[in-house]
Amino acid sequence: MKTFGITILLTSLLVSTPVSAQTANVDQRVDRLEQEMRAVQRKVFPGGSTRYFEPEITAQSGPASPATAITTSAVTDLIARVDALEASLANLTGQVEENGFRLKKIEDKLAAAETLAASPAAISTNGSAPIAGSKAPQQAPSAAAPDPQRVVGVAAIVMPDSGDAAEDAYIYGYRLWDAKFFPEAQTQLKKMVEEHPGHPRASFAQNLLGRAYLDDGKPALASVALYENYQKRPRGERAPDSLYFLSTALVQLGKQADACRVLAEMQDVYPEVANGRLADRVTAGKAAAKCK
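Sequence positions in the sequence shown follow this note's numbering and run 6 to 297.
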(Lines of atoms letter the chains of each structure in order from A and count residues from 1; the text may use other names and numbers.)
(Lines give C-alpha, C1' and ligand atoms only; values in the text may rest on other atoms or scores of the structure.)
Protein backbone atom coordinates (compact mmCIF):
# COMPACT_ATOMS: atom_id res chain seq x y z
CA MET A 1 0.00 0.00 0.00
CA LYS A 2 1.31 3.49 -0.94
CA THR A 3 1.16 5.74 2.14
CA PHE A 4 1.51 9.02 0.24
CA GLY A 5 -1.40 8.18 -2.06
CA ILE A 6 -4.04 8.40 0.66
CA THR A 7 -2.71 11.72 1.97
CA ILE A 8 -2.80 13.29 -1.49
CA LEU A 9 -6.25 11.87 -2.13
CA LEU A 10 -7.59 13.23 1.15
CA THR A 11 -6.14 16.67 0.43
CA SER A 12 -7.83 16.83 -2.98
CA LEU A 13 -11.11 15.65 -1.51
CA LEU A 14 -11.01 18.38 1.13
CA VAL A 15 -10.66 20.99 -1.60
CA SER A 16 -13.24 19.68 -4.06
CA THR A 17 -16.03 18.25 -1.87
CA PRO A 18 -18.18 19.43 1.03
CA VAL A 19 -17.01 18.74 4.55
CA SER A 20 -19.72 16.14 5.18
CA ALA A 21 -18.78 14.23 2.03
CA GLN A 22 -15.11 14.49 2.94
CA THR A 23 -15.79 13.09 6.39
CA ALA A 24 -17.85 10.17 5.07
CA ASN A 25 -15.27 9.29 2.45
CA VAL A 26 -12.37 9.39 4.92
CA ASP A 27 -14.41 7.34 7.43
CA GLN A 28 -14.80 4.59 4.87
CA ARG A 29 -11.08 4.51 4.17
CA VAL A 30 -10.29 4.52 7.86
CA ASP A 31 -12.60 1.55 8.37
CA ARG A 32 -10.89 -0.32 5.55
CA LEU A 33 -7.45 0.45 6.96
CA GLU A 34 -8.54 -0.73 10.40
CA GLN A 35 -9.73 -4.03 8.91
CA GLU A 36 -6.38 -4.51 7.22
CA MET A 37 -4.63 -3.68 10.48
CA ARG A 38 -6.63 -6.33 12.30
CA ALA A 39 -5.73 -8.92 9.66
CA VAL A 40 -2.04 -8.09 9.95
CA GLN A 41 -2.16 -8.11 13.74
CA ARG A 42 -3.67 -11.57 13.73
CA LYS A 43 -0.57 -12.76 11.85
CA VAL A 44 1.86 -10.90 14.09
CA PHE A 45 0.09 -11.84 17.35
CA PRO A 46 -1.48 -15.28 16.63
CA GLY A 47 -3.71 -16.48 19.44
CA GLY A 48 -3.67 -13.06 21.06
CA SER A 49 -6.45 -10.59 21.61
CA THR A 50 -8.62 -9.82 18.59
CA ARG A 51 -9.06 -6.23 19.77
CA TYR A 52 -7.71 -3.61 17.41
CA PHE A 53 -4.78 -1.68 18.92
CA GLU A 54 -5.47 1.87 17.88
CA PRO A 55 -2.39 4.09 17.41
CA GLU A 56 -1.97 7.07 19.69
CA ILE A 57 -2.92 10.36 18.02
CA THR A 58 -2.18 13.73 19.57
CA ALA A 59 -4.96 16.26 19.00
CA GLN A 60 -4.00 19.61 17.59
CA SER A 61 -4.28 22.67 19.84
CA GLY A 62 -5.11 26.26 18.96
CA PRO A 63 -8.02 28.72 18.88
CA ALA A 64 -10.77 28.25 16.32
CA SER A 65 -14.40 29.22 15.86
CA PRO A 66 -16.88 26.64 17.25
CA ALA A 67 -18.34 25.42 13.92
CA THR A 68 -15.12 25.73 11.99
CA ALA A 69 -13.12 24.20 14.84
CA ILE A 70 -15.42 21.18 15.04
CA THR A 71 -15.35 20.57 11.28
CA THR A 72 -11.67 21.28 10.83
CA SER A 73 -10.75 19.24 13.90
CA ALA A 74 -12.81 16.25 12.71
CA VAL A 75 -11.26 16.22 9.26
CA THR A 76 -7.77 16.93 10.56
CA ASP A 77 -8.08 14.16 13.13
CA LEU A 78 -9.22 11.76 10.43
CA ILE A 79 -6.25 12.64 8.25
CA ALA A 80 -3.89 12.22 11.20
CA ARG A 81 -5.59 8.95 12.00
CA VAL A 82 -5.07 7.73 8.44
CA ASP A 83 -1.40 8.69 8.60
CA ALA A 84 -0.98 6.88 11.90
CA LEU A 85 -2.81 3.82 10.60
CA GLU A 86 -0.65 3.69 7.51
CA ALA A 87 2.52 3.97 9.59
CA SER A 88 1.37 1.23 11.96
CA LEU A 89 0.30 -0.98 9.07
CA ALA A 90 3.67 -0.57 7.37
CA ASN A 91 5.44 -1.42 10.64
CA LEU A 92 3.35 -4.55 11.22
CA THR A 93 3.75 -5.64 7.61
CA GLY A 94 7.50 -5.36 8.02
CA GLN A 95 7.32 -7.50 11.14
CA VAL A 96 5.34 -10.16 9.28
CA GLU A 97 7.86 -10.25 6.45
CA GLU A 98 10.78 -10.41 8.88
CA ASN A 99 9.16 -13.23 10.89
CA GLY A 100 8.42 -15.11 7.67
CA PHE A 101 12.06 -14.81 6.62
CA ARG A 102 13.27 -16.11 9.97
CA LEU A 103 10.81 -19.01 9.88
CA LYS A 104 11.98 -19.94 6.37
CA LYS A 105 15.60 -20.06 7.56
CA ILE A 106 14.63 -22.34 10.46
CA GLU A 107 12.68 -24.65 8.15
CA ASP A 108 15.63 -24.83 5.74
CA LYS A 109 17.99 -25.79 8.57
CA LEU A 110 15.60 -28.50 9.81
CA ALA A 111 15.20 -29.91 6.30
CA ALA A 112 18.98 -30.03 5.85
CA ALA A 113 19.38 -31.82 9.19
CA GLU A 114 16.72 -34.41 8.28
CA THR A 115 18.36 -35.05 4.90
CA LEU A 116 21.75 -35.53 6.55
CA ALA A 117 20.29 -37.91 9.16
CA ALA A 118 18.57 -40.01 6.45
CA SER A 119 21.68 -40.29 4.29
CA PRO A 120 23.55 -43.62 4.49
CA ALA A 121 26.78 -41.64 4.53
CA ALA A 122 25.65 -39.91 7.73
CA ILE A 123 26.55 -43.02 9.74
CA SER A 124 30.19 -43.43 10.65
CA THR A 125 32.06 -46.70 10.43
CA ASN A 126 31.55 -47.44 14.13
CA GLY A 127 27.77 -47.13 13.76
CA SER A 128 27.39 -43.69 15.37
CA ALA A 129 26.07 -40.55 13.70
CA PRO A 130 28.61 -37.77 13.08
CA ILE A 131 28.52 -34.50 14.94
CA ALA A 132 26.15 -31.95 13.41
CA GLY A 133 27.93 -29.66 11.01
CA SER A 134 30.75 -32.13 10.41
CA LYS A 135 32.03 -32.31 6.84
CA ALA A 136 33.32 -35.85 7.25
CA PRO A 137 30.52 -37.79 5.46
CA GLN A 138 31.09 -36.40 2.00
CA GLN A 139 31.01 -39.74 0.15
CA ALA A 140 29.15 -43.01 0.62
CA PRO A 141 31.36 -45.83 1.87
CA SER A 142 32.80 -47.89 -0.95
CA ALA A 143 31.98 -51.58 -1.35
CA ALA A 144 34.11 -53.91 0.73
CA ALA A 145 37.07 -55.33 -1.11
CA PRO A 146 36.81 -59.07 -1.91
CA ASP A 147 38.62 -61.51 0.35
CA PRO A 148 41.98 -62.23 -1.33
CA GLN A 149 41.90 -65.85 -0.17
CA ARG A 150 38.44 -66.31 -1.66
CA VAL A 151 39.57 -64.80 -4.95
CA VAL A 152 42.50 -67.23 -5.06
CA GLY A 153 40.25 -70.15 -4.14
CA VAL A 154 37.67 -69.41 -6.84
CA ALA A 155 40.43 -68.87 -9.39
CA ALA A 156 41.77 -72.33 -8.55
CA ILE A 157 38.49 -73.95 -9.71
CA VAL A 158 39.15 -75.05 -13.26
CA MET A 159 36.55 -74.69 -16.01
CA PRO A 160 36.48 -77.98 -17.98
CA ASP A 161 36.87 -77.94 -21.74
CA SER A 162 35.22 -81.05 -23.12
CA GLY A 163 33.79 -79.44 -26.21
CA ASP A 164 30.22 -79.49 -24.77
CA ALA A 165 29.65 -75.93 -23.55
CA ALA A 166 26.53 -76.84 -21.54
CA GLU A 167 28.21 -79.82 -19.88
CA ASP A 168 31.29 -77.76 -19.07
CA ALA A 169 29.18 -74.94 -17.61
CA TYR A 170 27.32 -77.37 -15.34
CA ILE A 171 30.47 -79.14 -14.19
CA TYR A 172 32.11 -75.80 -13.38
CA GLY A 173 29.07 -74.77 -11.32
CA TYR A 174 29.15 -78.14 -9.55
CA ARG A 175 32.82 -77.71 -8.69
CA LEU A 176 32.16 -74.25 -7.22
CA TRP A 177 29.29 -75.66 -5.13
CA ASP A 178 31.39 -78.62 -3.98
CA ALA A 179 34.12 -76.19 -2.86
CA LYS A 180 31.42 -74.30 -0.89
CA PHE A 181 31.70 -71.14 -2.95
CA PHE A 182 27.91 -70.92 -2.92
CA PRO A 183 27.33 -67.38 -4.31
CA GLU A 184 29.72 -68.04 -7.19
CA ALA A 185 28.07 -71.40 -7.84
CA GLN A 186 24.62 -69.75 -7.93
CA THR A 187 25.78 -67.26 -10.53
CA GLN A 188 27.36 -69.96 -12.69
CA LEU A 189 24.40 -72.36 -12.48
CA LYS A 190 21.86 -69.65 -13.33
CA LYS A 191 23.95 -68.67 -16.32
CA MET A 192 24.11 -72.30 -17.49
CA VAL A 193 20.31 -72.71 -17.34
CA GLU A 194 19.70 -69.40 -19.11
CA GLU A 195 22.11 -70.20 -21.93
CA HIS A 196 21.20 -73.91 -22.30
CA PRO A 197 17.59 -74.33 -21.13
CA GLY A 198 16.92 -77.36 -23.36
CA HIS A 199 20.05 -79.33 -22.51
CA PRO A 200 19.65 -82.50 -20.38
CA ARG A 201 22.05 -80.99 -17.85
CA ALA A 202 19.67 -78.03 -17.31
CA SER A 203 17.63 -80.22 -14.93
CA PHE A 204 20.81 -80.96 -12.96
CA ALA A 205 21.91 -77.31 -12.95
CA GLN A 206 18.55 -75.91 -11.79
CA ASN A 207 18.27 -78.54 -9.05
CA LEU A 208 21.81 -77.80 -7.89
CA LEU A 209 20.99 -74.08 -7.92
CA GLY A 210 18.22 -74.75 -5.41
CA ARG A 211 20.62 -76.75 -3.25
CA ALA A 212 23.20 -73.97 -3.42
CA TYR A 213 20.56 -71.55 -2.09
CA LEU A 214 19.70 -73.97 0.71
CA ASP A 215 23.35 -74.38 1.67
CA ASP A 216 23.69 -70.59 1.60
CA GLY A 217 20.81 -70.16 4.08
CA LYS A 218 18.29 -68.86 1.52
CA PRO A 219 15.32 -71.26 1.64
CA ALA A 220 12.91 -68.82 -0.02
CA LEU A 221 15.08 -68.52 -3.13
CA ALA A 222 15.71 -72.25 -3.03
CA SER A 223 11.97 -73.02 -3.05
CA VAL A 224 11.48 -70.87 -6.17
CA ALA A 225 14.39 -72.47 -8.07
CA LEU A 226 13.37 -76.02 -7.12
CA TYR A 227 9.71 -75.58 -7.96
CA GLU A 228 10.59 -74.06 -11.34
CA ASN A 229 12.75 -77.08 -12.15
CA TYR A 230 9.86 -79.44 -11.44
CA GLN A 231 7.33 -77.25 -13.27
CA LYS A 232 9.41 -76.55 -16.39
CA ARG A 233 11.19 -79.91 -16.63
CA PRO A 234 8.88 -82.54 -15.10
CA ARG A 235 10.65 -85.23 -17.18
CA GLY A 236 14.10 -84.00 -16.24
CA GLU A 237 16.35 -86.43 -14.42
CA ARG A 238 16.53 -84.23 -11.32
CA ALA A 239 12.81 -83.24 -11.16
CA PRO A 240 12.03 -85.73 -8.31
CA ASP A 241 15.13 -84.54 -6.43
CA SER A 242 13.86 -80.98 -6.71
CA LEU A 243 10.57 -81.99 -5.05
CA TYR A 244 12.45 -83.53 -2.14
CA PHE A 245 14.68 -80.47 -1.64
CA LEU A 246 11.61 -78.26 -2.07
CA SER A 247 10.06 -80.02 0.94
CA THR A 248 13.27 -79.30 2.87
CA ALA A 249 13.09 -75.58 1.98
CA LEU A 250 9.43 -75.45 3.04
CA VAL A 251 10.25 -76.99 6.42
CA GLN A 252 12.91 -74.33 6.95
CA LEU A 253 10.28 -71.70 6.10
CA GLY A 254 7.93 -73.16 8.72
CA LYS A 255 5.47 -74.60 6.15
CA GLN A 256 5.39 -78.23 7.28
CA ALA A 257 1.93 -78.95 5.87
CA ASP A 258 3.02 -77.76 2.42
CA ALA A 259 6.17 -79.86 2.70
CA CYS A 260 4.04 -82.95 3.35
CA ARG A 261 1.90 -82.24 0.28
CA VAL A 262 5.04 -81.90 -1.86
CA LEU A 263 6.37 -85.24 -0.65
CA ALA A 264 2.99 -86.85 -1.32
CA GLU A 265 3.02 -85.47 -4.87
CA MET A 266 6.54 -86.77 -5.34
CA GLN A 267 5.43 -90.28 -4.35
CA ASP A 268 2.43 -90.00 -6.66
CA VAL A 269 4.27 -88.67 -9.74
CA TYR A 270 7.58 -90.49 -9.30
CA PRO A 271 6.72 -93.66 -7.34
CA GLU A 272 9.75 -95.64 -8.56
CA VAL A 273 12.24 -92.94 -7.56
CA ALA A 274 10.42 -92.17 -4.29
CA ASN A 275 10.49 -95.83 -3.31
CA GLY A 276 13.92 -96.49 -4.77
CA ARG A 277 16.84 -94.05 -5.11
CA LEU A 278 15.28 -91.38 -2.87
CA ALA A 279 13.42 -93.66 -0.44
CA ASP A 280 15.63 -92.80 2.55
CA ARG A 281 15.35 -89.08 1.85
CA VAL A 282 11.56 -89.27 1.56
CA THR A 283 11.39 -90.98 4.94
CA ALA A 284 13.67 -88.36 6.50
CA GLY A 285 11.69 -85.56 4.84
CA LYS A 286 8.38 -86.81 6.25
CA ALA A 287 9.91 -87.01 9.72
CA ALA A 288 11.26 -83.45 9.46
CA ALA A 289 7.85 -82.15 8.32
CA LYS A 290 6.00 -84.33 10.87
CA CYS A 291 3.76 -85.77 8.18
CA LYS A 292 0.96 -88.07 9.36
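Even glycine gets a Cβ: it sits at the ideal position worked out from N, Cα and C.
These numbers were taken from a predicted model, which means no experiment stands behind them.
DSSP three-state assignment for residue i, whether helix, strand or coil
{"i": "residue 163", "result": "coil"}
{"i": "residue 195", "result": "helix"}
{"i": "residue 281", "result": "coil"}
{"i": "residue 186", "result": "coil"}
{"i": "residue 179", "result": "helix"}
{"i": "residue 173", "result": "helix"}
{"i": "residue 153", "result": "helix"}
{"i": "residue 296", "result": "coil"}
{"i": "residue 168", "result": "coil"}
{"i": "residue 128", "result": "With a pLDDT of 39 at residue 128, under the threshold of 50, the modelled position of this residue cannot be trusted, and the question is left open."}
{"i": "residue 255", "result": "helix"}
{"i": "residue 249", "result": "helix"}
{"i": "residue 260", "result": "coil"}
{"i": "residue 291", "result": "helix"}
{"i": "residue 286", "result": "helix"}
Under 7 Å between C-beta atoms of residue i and residue j
{"i": "residue 272", "j": "residue 279", "result": "yes"}
{"i": "residue 217", "j": "residue 254", "result": "no"}
{"i": "residue 208", "j": "residue 243", "result": "yes"}
{"i": "residue 229", "j": "residue 211", "result": "no"}
{"i": "residue 194", "j": "residue 226", "result": "no"}
{"i": "residue 290", "j": "residue 249", "result": "yes"}
{"i": "residue 251", "j": "residue 232", "result": "yes"}
{"i": "residue 261", "j": "residue 224", "result": "no"}
{"i": "residue 159", "j": "residue 186", "result": "yes"}
{"i": "residue 175", "j": "residue 206", "result": "yes"}
Proximity test, residue i beta-carbon vs the ligand NAP heavy atom, cut-off 6 Å
{"i": "residue 178", "result": "Within the structure as shown, the ligand NAP is missing, as the structure has no ligands at all."}
Sequence ranges, alpha helix (DSSP H) only - wholly within the region 192 to 245, length at least 4: Within the region 192 to 245, the complete alpha helix (DSSP H) runs of at least 4 residues are 206 to 220, 224 to 237.
Meets three-Cβ-pair contact criterion under 8 Å: the region 149 to 156 and the region 164 to 175: When Cβ pairs closer than 8 Å are counted between the two stretches, the region 149 to 156 is seen not to touch the region 164 to 175, the count staying below three.
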